[in-house]
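Have a look at the structure below, then the notes.
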Amino acid sequence: MSNATNYAPRHVGDQRRAWLDAARDVAFGAMATARFFVTLAGCVTLIAAALIVGDASVRDRLMQQVQLAAWINPVTEAAAAVEADAGPTAEPRNFAADERTEAQQRNVTQYLARRYRVADQAVRILVGAAFATGQEIGLDPLLILAVMAVESSINPFAQSPVGAQGLMQVMTRVHTEKFEPHGGEHAALDPIANIKVGSAILRDLIRRGGSVERGLQLYVGAGNSPDDGGYAARVLGERARISMAAAGRIDAAIAAGYRAAQPADAKPAVAQQEAAAPKPAEPASRGDKAV
């Protein structure tokens, strides 16, 4: 009897120890597995970082997306706040001219996002701002978007060594006073402010030049030159492709854009500025420059 009584506690104790040992083994295995996956994730991150650092185009595109994210949220939140304050009885805002529809803006957004590899949400805001600005100042919004595409490839943070900044590559030091209502020179890299200022400059130059082609020549700083390096033709060609996309032919517009880019030996507007920068012979033309 006493032997059976002594055996029971030992048996229970052995079972308890066995369960504890099993639990420890499971916990150890889980920790080892977790450490493995953390190490693997770290290695993958390091490899990805090395690839990004080694590839300038990937690095620049990543930085662009990070910068875009920095202003997308505040702009979206501000728009939501305005709509909330307006109330349900307020008249809805119309960002487009009468002949433009929301569907057209969505098509243009899709085309530009795919063509220039920019986040769809960012492009949607820029397209809306271009349509709103065009309607406000009486300028074709598709032309505004075409200038943005040719000048900066829809990069709000593009900067030229000669001082051209933002989506429309406005020469900030030449047009400092135009940024004052938007907060000063630093607003040149604010996408919405850049669109407003660049579009106003373009509209004034078109009026002064008497035609869109002449206005574009003045915009790129070729006012005293017989040749604008094909700038006006590139902008008008891109405007035609954006119009094609607005009509729903997005794939055709993208294909046409790639075909147009094939020669690619004509210099963009910023490159023209950089080439012209050391030459002091055309001070009047430099004053005309918007970019």
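In terms of the working numbering, the sequence shown opens at residue 155 and continues consecutively.
Note that the Cβ used here is the ideal one computed from N, Cα and C, for glycine as well.
Just so we're clear, the structure is a prediction, and the values are computed from it rather than from any experiment.
Along the alpha helix (DSSP H) that carries residue i, what are the first and last residues, could you check?
| i | result |
| --- | --- |
| D382 | Note, D382: premise wrong, no alpha helix (DSSP H); not H, not E. |
| F285 | D274 to I291 |
| R403 | Neither: R403 is in no alpha helix (DSSP H) and is coded neither H nor E. |
| I308 | Where I308 is concerned, there is no enclosing alpha helix (DSSP H), given that its DSSP letter is neither H nor E. |
| E331 | T330 to F333 |
| Q323 | Looking at the DSSP string, Q323 is not in any alpha helix (DSSP H), and its letter there is neither H nor E. |
| D358 | P345 to G363 |
Drop a sphere of 10 angstroms on the beta-carbon of residue i, count the other beta-carbons inside from all chains shown, and report buried for 16 or more, exposed for fewer.
| i | result |
| --- | --- |
| E305 | buried |
| P315 | exposed |
| Q416 | exposed |
| D381 | exposed |
| R271 | exposed |
| K257 | The sequence given here has Ala at residue 257, not Lys. Answer is exposed; the Cβ neighbour count stays below 16. |
| G364 | exposed |
| G288 | buried |
Leaving out the 5 sequence neighbours to the left and right, which residues in its chain are closer than 8 Å to residue i when beta-carbon positions are compared?
| i | result |
| --- | --- |
| S397 | L296 |
| R268 | I404 and I408 |
| R361 | G369 |
| E367 | A386 and L390 |
Skipping 5 residues on each side, what residues in its chain have a beta carbon closer than 7 Å to that of residue i?
| i | result |
| --- | --- |
| A414 | G391 |
| R395 | A407, A410 and G411 |
| D344 | H336 |
| G402 | N261 |
| E339 | T326, T330 and F333 |
| G317 | M325, T326 and R327 |
| D294 | G288 |
| A341 | F333 and A347 |
Identify which residue in the options has its Cα closest to the Cα of residue i.
| i | options | result |
| --- | --- | --- |
| D405 | N261, A347 and E339 | N261 |
| Q371 | V277, L293 and V301 | V301 |
| I355 | V281, S365, Y373 and V366 | Y373 |
| V328 | G375, W173, Q259 and A387 | G375 |
| R393 | G320, I298 and G364 | I298 |
| S307 | A341, V277 and W173 | V277 |
| G292 | W173, A341 and D358 | D358 |
If I measure Cβ to Cβ from residue i and keep anything under 6 Å in the same chain, skipping five residues before and after, which residues do I get?
| i | result |
| --- | --- |
| H480 | Any answer about residue 480 is impossible in this case: the structure gives the chain only from 155 up to 445. |
| A399 | N261, V262, Y265 and A407 |
| D274 | A267 |
| A283 | I346 and I349 |
| V281 | Q259, V262 and T263 |
| Q313 | Q319 |
| A303 | E392 |
| R388 | V304 |
| W173 | none |
Taking 9 Å as the CB-CB limit, is residue i close to chain B?
| i | result |
| --- | --- |
| A399 | Absent from the structure is chain B; it holds one protein chain and no more. |
Touch test, the segment 342-352 against the segment 309-326, Cβ-Cβ under 8 Å, three pairs minimum: yes
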